[in-house]
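**Q** Below is a structure I'd like to ask you about.
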Amino acid sequence: MPDFSAAMTSGQTFTLAGRPAQATVLFFYPKDNTPGCTTENMAFRDLHEQFKAAGVEIYGISRDSLRSHESFKAKLGLPFELISDPDEAMCQAFGVMKQKKMYGKEVRGVERSTFVIDAQGRLVKEWRGVKVPGHVDEVLEFVARRG
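For reference, each letter of the sequence shown is one residue, going 1 to 147 in UniProt numbering.
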């Protein structure tokens, strides 16, 4: 993966290079404060300690503003940072922008997707078109198996 940087919550900047973790999980979701996205973020929150024990860092990414992310993070008590991608640079780099149907209309939006990047910056696993139930457990199982 090419290195990149992006603004994230807590006044920090995310950069892929030099991450201290054995692996990094980047999960793209459509929008803060929507039912599926809230459920997904809470699932990552609830298993955060297990990801941490496996040496894995988690980051959520959407096109929402940092202000929206800070509010969403505080409301849910998220122990990980959220990355703001309003110009869709990361969404484009990971190919998650798709035409979707919403209420019978065609809309362009983020396809819920998760990526695991190893300590050397290599993409080792991806899930696209994610359905929320059971997904976070599957990601945890994958990173725990990799050791």
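Glycine included, C-beta positions come from ideal geometry on N, C-alpha and C. Owing to the predicted nature of the structure, the values given are computational and were not obtained by experimental measurement.
Are there 16 or more other CB atoms within 10 angstroms of the CB of residue 145, so buried, or fewer, so exposed?
**A** Against the sequence shown, residue 145 aligns to sequence position 145. So residue 145 ends up on the exposed side.
**Q** Residues in its own chain within less than 6 Å of residue 70 by CB, not counting five upstream and five downstream?
**A** Here residue 70 refers to the residue found at position 70 of the sequence shown. For residue 70, where only same-chain residues beyond five positions count, the Cβ hits under 6 Å are 9.
**Q** Apart from the five residues just before and just after residue 100, which ones in its own chain have a Cβ nearer than 8 Å to its Cβ?
**A** On the sequence shown, residue 100 is found 100 positions in, with the first residue counted as 1. For residue 100, where only same-chain residues beyond five positions count, the Cβ hits under 8 Å are 106, 107, 108, 109, 111.
**Q** Three Cβ pairs or more, each shorter than 8 Å: is that satisfied between the region 90 to 97 and the region 44 to 60?
**A** Too few Cβ pairs lie closer than 8 Å, so no.
**Q** Whose CA, out of 138, 98, 121, lies closest to the CA of residue 17?
**A** Here residue 17 refers to the residue found at position 17 when the sequence shown is read from its first residue. The shortest C-alpha separation from residue 17 is found at 121.
**Q** The alpha helix (DSSP H) spanning residue 112 covers which residue range?
**A** By 1-based counting over the sequence shown, the position of residue 112 is 112. No alpha helix (DSSP H) holds residue 112; DSSP gives it neither H nor E.
**Q** Counting along the chain, where does the alpha helix (DSSP H) carrying residue 153 start and finish?
**A** No answer is possible for residue 153: the residues shown for the chain start at 1 and end at 147.
**Q** From residue 139 to residue 128, what distance separates their C-alpha atoms?
**A** What you label residue 139 is simply residue 139 of the sequence shown in a count that begins at 1. What you label residue 128 is simply residue 128 of the sequence shown in a count that begins at 1. Whole-angstrom Cα-Cα distance: 12 Å.
**Q** Look up residue 23 in the DSSP assignment and give the residues it is bridged to.
**A** Here residue 23 is taken as the residue at index 23 of the sequence shown, counted from 1. Its beta-bridge partners are 56, 118.
**Q** Among 134, 142, 130, 126, which has the Cα closest to the Cα of residue 1?
**A** What you label residue 1 is simply residue 1 of the sequence shown in a count that begins at 1. Among 134, 142, 130, 126, the Cα nearest to that of residue 1 is on 126.
**Q** Would residue 6 and residue 117 qualify as a contact pair, given that the criterion is a beta-carbon distance under 8 Å?
**A** Taking the first residue of the sequence shown as position 1, residue 6 is located at position 6. Taking the first residue of the sequence shown as position 1, residue 117 is located at position 117. Result no, Cβ atoms of residue 6 and residue 117 do not sit closer than 8 Å.
**Q** Provide the residue(s) that pair with residue 6 in DSSP beta bridges, ordered along the chain.
**A** What you label residue 6 is simply residue 6 of the sequence shown in a count that begins at 1. The partner list for residue 6 (beta bridge, DSSP) reads 14.
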